[in-house]
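Below is one structure, written out as structure tokens; comments come after it.
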Amino acid sequence: MSKPLKTRTGGHVLADQLAIQGTDTVYCVPGESYIDVIDGLYNHANSIKMVNTRHEGGASNMAEAYGKLTGRPGICMVTRGPGATNAAIGLHTAYQDSTPMIMFIGQVARDMVDREAFQEMDYRKVFGEMAKWVAQIDDASRIPEYISRAYHTALSGRPGPVVLALPEDMLRDEVSVADISRAAIAPSLAPSTDAMTDLASRLAASEKPLMIVGGATWTQAAVNDIQDFAEAHHIPVCASLRSQDCFDNRHPNYAGDVGIGLNPKLAKRIQESDLLLVVGPRLGEMTTQGYSLIGLPEPLQDMVHVHPGVEELGRVFLPDLAINARMPEFAKAVKALAPADAESARAEWVKSASADYQERLRPTEVPGEVNMAEIVAHLNNILPEDAIVTAGAGNYTVWVHRYFQHKCYRTQLAPTSGAMGYSVPAAISAKITEPHRTVVSFNGDGCFMMLGQELATAMQFNAPVIFIIVNNGMLGTIRMHQERGYPTRVYATDLFNPDFAALARAYGAFGATVTKTSEFADIYEQAVASGKPAVIEIVVDPEALTPQQSLSEARAQGEADHPH
Ligand SMILES: Cc1ncc(C[n+]2csc(CCOP(=O)(O)OP(=O)(O)O)c2C)c(N)n1
Ligand SMILES: [Mg+2]
């Protein structure tokens, strides 16, 4: 006879389910609304780390970065109204970036619902557009069912975030309920044999095929299989925005990234290709250069779209062949395709694509004493192959994306949602999760100030990340658009900044300032040697707007385009 079930509070049942699901980290800002869950997690302190952050935006971004890095749902816990709304940014990024994540929100007691009680919100309405599923658990005995479904939902198809609201009285209810017996795994999603035969014949007929890789559900094995396939079939490969770690950027088939600041030669090559293999990414605004790069809604070339979310296939662009698959299954199947003899005629096509990419790696001349291209190139040479590089949003990311070469999978944590403030929390999360790896966080001065206070979290959890702040004293991207579109009407884009190195030292971190390219290498070494979280402020000339254009040139362009 089985033993009678122990009585537990809802909060404890929930904590026990997280342990069964294999959760090892929870990012949170505590609140009285879900204090019973925190008490339940106290029992699991040996296997589940509680990372309490300074702001819920920090917690949700950390959970998102955890999901991106590990492929397992990142867990975030926040309190009702104010906590939940603070956390929204990480949820939005998880949605846009197809990242598995579960956000738990404390909720008012069930007998107060719908009165607009203290901090009450209806999370189904609030987060309905940025989560795959939003629910409220009203019966503590159903917690194991809800948690299992939340993990399955976050992981399956196109991965994404789930929100579960937890009425505080429900969490205190005493229930006798069985645990779920095992952790959720994403159901396998393999391409059909027919689809692969169809793909093989399109490939055999193609003179200029081109592959764009990116999106979610990748693994290092899938990346390796895709590399073998591209090599054997002579296909140049580019990466969608911020998915540059889905292909070894040093590989002779790599052709660059299709994102912000697209190489015009690559844009032309995509338009010239006769078979576009879109493997993993959504065909979103960034990847299609504002829906203008390929024919809308019907691409001029043959287009094969492979995506784990069936709803993404044919969403905007009409694919000639749609394949609903996860990347490991697709990569394995495509690697097994035998190359046709005639395909080697494409070797030249691959070579020229690679040459166009190589040419873009050469630093350009920029105004001022610092050339970010050279600093990024230096890090590209000295960092271990598995070092993780994080970034948020701003012009400074253009240098990182252009001059850093990703060598293996999950070395890039950057939001395709374009959210500022992501870089600091993402880097802390990565360092806590994989402490043996080097983590370098790139920030603009604007970006850093959004969630820079999480430096305290880095100190508390001993996460020696190297935070780089590219300080140009402005919100450079927006200033650029002002100069180009509203010349002479610069407004609200200047930034007053603290002394970043002194600020870092006030947290107990390492802090130093670089004002010349040549100073960087030494200071980087000192930062690493400190063994502490470290901030390196790089003071750049605001004239150094992008690798291609100075601020004055942007203004001249604006004035020419908008004569008074
Ligand atoms: C959360 C958020 N707010 C606003 C924006 C709009 N935005 C995009 S880039 C940018 C400026 C970033 O400034 P900074 O981090 O200093 O980088 P820079 O462009 O100067 O290199 C702004 C305000 C955004 N992407 N995300
Ligand atoms: Mg700036």
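All residue numbers for the sequence shown refer to the working numbering, where the first residue is 226 and numbers rise by one. We put the beta carbon where it would ideally sit given N, CA and C, even for glycine.
Practice item. Write down the C-beta distance between A447 and A556 rounded to the nearest angstrom, noting that I regard them as a contact closer than 8 Å. Key: Residue 447 sits at position 222 when you count from the first residue of the sequence shown. Residue 556 sits at position 331 when you count from the first residue of the sequence shown. Approximately 4 Å separates the beta-carbon atoms of A447 and A556; this is inside 8 Å, confirming the contact.
Exercise for review: Would you list, in sequence order, the uninterrupted beta strand (DSSP E) runs of no fewer than 3 residues that lie entirely inside the stretch 579-648?
Suggested key: Correct list: 613-615.
Point to revise | Closest Cα partner of G315 within the set S777, L676 and S366 | key: Numbered from 1 along the sequence shown, position 90 holds the residue referred to as residue 315. It is L676.
Check your understanding: Span of the beta strand (DSSP E) holding D545?
Key -> As a position in the sequence shown, residue 545 is number 320, starting the count at 1. The continuous stretches of beta strand (DSSP E) do not include D545, and DSSP gives it neither H nor E.
Review point. For the stretch 731-770, which segments carrying the alpha helix (DSSP H) assignment without a break, of at least 4 residues, lie completely within its bounds, in sequence order?
Key: Segments of the alpha helix (DSSP H) lying fully in the stretch 731-770: 745-754.
Check your understanding: What is the chain-ordered set of residues for which the beta carbon lies under 6 Å from any non-hydrogen atom of ligand 1?
Key -> Listed by chain position, these are A618, G619, N620, Y621, G643, A644, M645, G646, G669, D670, G671, C672, V695, N697, M699, L700, G701, T702 and I703.
Practice item. Work out the CA separation of F686 and V665 for me, nearest whole Å. Key: Your numbering for residue 665 matches position 440 in the sequence shown. Your numbering for residue 686 matches position 461 in the sequence shown. Cα-Cα distance, rounded: 17 Å.
Check your understanding: Just curious, the beta strand (DSSP E) that L435 is in, first and last residue?
Key -> Indexing the sequence shown from 1 puts residue 435 at position 210. Element bounds for L435: P434 to V438.
Check your understanding: Between the Cα of S577 and the Cα atoms of M705, L294, V483 and H459, which residue gives the shortest distance?
Key -> Numbered from its first residue, the sequence shown carries residue 577 at position 352. Nearest option by C-alpha distance: H459.
Check your understanding: R383 bridges to which residues according to DSSP?
Key -> The residue labelled residue 383 in the question sits at position 158 within the sequence shown. As computed with DSSP, R383 is found in no beta bridge at all.
**Study point:** Candidates H317, I327, D339 and T324, of which the one nearest E354 by Cα
**Key:** Working through the sequence shown from its first residue, we reach residue 354 at position 129. With distances taken between Cα atoms, E354 lies closest to H317.
Review point. Taking the C-alpha atoms as reference points, what is the distance between F795 and E659?
Key: Because residue 795 is not part of the residues shown, which for the chain are 226 to 789, the question remains open.
Point to revise | Sequence-distant residues of the same chain with beta carbon closer than 6 Å to G745, five excluded per side | key: As a first step, residue 745 is located in the sequence shown; it is residue number 520 there, counting from the start. Here the sequence assigns Phe to residue 745, which means Gly is not the residue at that position. The answer, listed in chain order, is I600 and V739.
Practice item. Specify whether the stretch 393-401 and the stretch 524-535 touch according to this definition: at least 3 beta carbon pairs, one from each stretch, less than 8 Å apart. Key: With contact defined as three or more Cβ pairs closer than 8 Å, the stretch 393-401 and the stretch 524-535 are not in contact.
Practice item. For the alpha helix (DSSP H) containing L703, list its first residue and its last residue. Key: The count along the sequence shown starts at 1 and reaches residue 703 at position 478. Note on residue identity: the sequence assigns Ile, not Leu, to residue 703. Unbroken alpha helix (DSSP H) run through I703: G701 to G710.
Check your understanding: How would you write the range of the beta strand (DSSP E) that G481 sits in, first residue to last?
Key -> Locating residue 481 in the sequence shown gives position 256, counting from the first residue. Counting along the chain, the beta strand (DSSP E) containing G481 begins and ends at Y479 to V483.
Point to revise | Residue from F667, A563, I613 and L491 with nearest C-alpha to M597 | key: For the purposes of this step, residue 597 is identified with residue 372 of the sequence shown, where counting begins at 1. Among F667, A563, I613 and L491, the Cα nearest to that of M597 belongs to F667.
Review point. Out of curiosity, what's the CA-to-CA distance linking Y259 and L424?
Key: As a position in the sequence shown, residue 259 is number 34, starting the count at 1. As a position in the sequence shown, residue 424 is number 199, starting the count at 1. Taking the straight line from one Cα to the other gives about 51 Å.
Exercise for review: Report all residues from its chain with a CB closer than 6 Å to the CB of G617; omit the five preceding and five following residues, and keep chain order.
Suggested key: As a first step, residue 617 must be located in the sequence shown, where it is residue number 392. Closer than 6 Å at the Cβ level, and outside the excluded window around G617, lie M645, G646, Y647, S648 and C672.
**Study point:** Proximal residues to M302 (C-beta, below 7 Å), its chain only, five neighbours per side dropped
**Key:** As a working mapping, residue 302 is identified with position 77 in the sequence shown. Cβ neighbours of M302 beyond the five flanking positions: V251, C253, Y259, V262 and F329.
Check your understanding: What separation, rounded to the nearest whole angstrom, lies between the Cα atoms of F542 and L521?
Key -> For this step, residue 542 is matched to residue 317 along the sequence shown. For this step, residue 521 is matched to residue 296 along the sequence shown. Between the C-alpha atoms of F542 and L521 there is a straight-line separation of about 6 Å.
Practice item. Identify, in the order they occur along the chain, each residue of the same chain with its Cβ nearer than 8 Å to the Cβ of L269, setting aside the five sequence neighbours on each side. Key: Here residue 269 is taken as the residue at index 44 of the sequence shown, counted from 1. The displayed chain sequence assigns His, not Leu, to residue 269. Only A240, D241, L243 and A244 meet the Cβ criterion.
Point to revise | Unbroken stretches of the beta strand (DSSP E), 3 residues or longer, contained in the stretch 479-525 | key: Note on the stretch 479-525: whole beta strand (DSSP E) runs with a minimum of 3 residues are 479-483 and 500-504, in chain order.
Exercise for review: Rounded to whole angstroms, what's the CA-CA distance from H476 to V400? Just pull it up for me.
Suggested key: Mapped onto the sequence shown, residue 476 falls at position 251. Mapped onto the sequence shown, residue 400 falls at position 175. Each residue's Cα considered, the two are about 57 Å apart.
Check your understanding: So is E510 buried or exposed if we call it buried at 16+ other beta carbons inside 10 Å?
Key -> Numbered from 1 along the sequence shown, position 285 holds the residue referred to as residue 510. E510 should be labelled exposed.
Point to revise | Element boundaries [alpha helix (DSSP H), containing S465] | key: Within the sequence shown, residue 465 is the residue found at index 240, counting from 1. It is not in any alpha helix (DSSP H) - S465 instead sits in the beta strand (DSSP E) that spans V462 to S465.
Point to revise | Assigned exposure category for P679 - 16 Cβ within 10 Å defines buried | key: Translated into the one-based positions of the sequence shown, residue 679 becomes position 454. Looking at the sequence shown, residue 679 is not Pro but Glu. Here E679 is buried: its Cβ has 16 or more other Cβ atoms, across all protein chains shown, within 10 Å.
Point to revise | CB-CB length for V483 against G505, believed under 8 Å | key: Numbered from its first residue, the sequence shown carries residue 483 at position 258. Numbered from its first residue, the sequence shown carries residue 505 at position 280. That belief does not hold up - the Cβ atoms of V483 and G505 are roughly 12 Å apart, past 8 Å.
Check your understanding: In terms of residue numbering, what span does the alpha helix (DSSP H) encompassing G283 cover?
Key -> Residue 283 sits at position 58 when you count from the first residue of the sequence shown. Annotation for G283: the continuous alpha helix (DSSP H) segment containing it runs E281 to T295.
Practice item. Flag this pair as yes or no: are the beta carbons of K632 and D473 separated by less than 7 Å? Key: In the sequence shown, residue 632 corresponds to position 407, counting from 1. In the sequence shown, residue 473 corresponds to position 248, counting from 1. Judged by beta-carbon spacing, D473 lies within the 7 Å limit of K632, meaning their Cβ atoms are closer than that value.
Check your understanding: Going straight from the alpha carbon of L486 to that of Y516, what length do you get?
Key -> Residue mapping note: residue 486 aligns to position 261 of the sequence shown, counting from 1. Residue mapping note: residue 516 aligns to position 291 of the sequence shown, counting from 1. Before going on, a small fix: residue 486 reads as Gly here, not Leu. So the two alpha carbons sit approximately 15 Å from each other.
Practice item. Please report the residue range of the beta strand (DSSP E) in which Y320 lies. Key: Position 95 of the sequence shown holds residue 320. Element bounds for Y320: not the beta strand (DSSP E) but the alpha helix (DSSP H), G306 to Q321.
Point to revise | Whole-angstrom C-beta distance between Q344 and G306, which should lie under 8 Å | key: Taking the first residue of the sequence shown as position 1, residue 306 is located at position 81. Taking the first residue of the sequence shown as position 1, residue 344 is located at position 119. Their Cβ separation, rounded to whole angstroms, is 3 Å, which keeps G306 and Q344 in contact under 8 Å.
**Study point:** V213 versus V402: straight-line alpha-carbon distance, rounded
**Key:** Any property of residue 213 remains undetermined from this structure, which presents the chain solely from 226 to 789.
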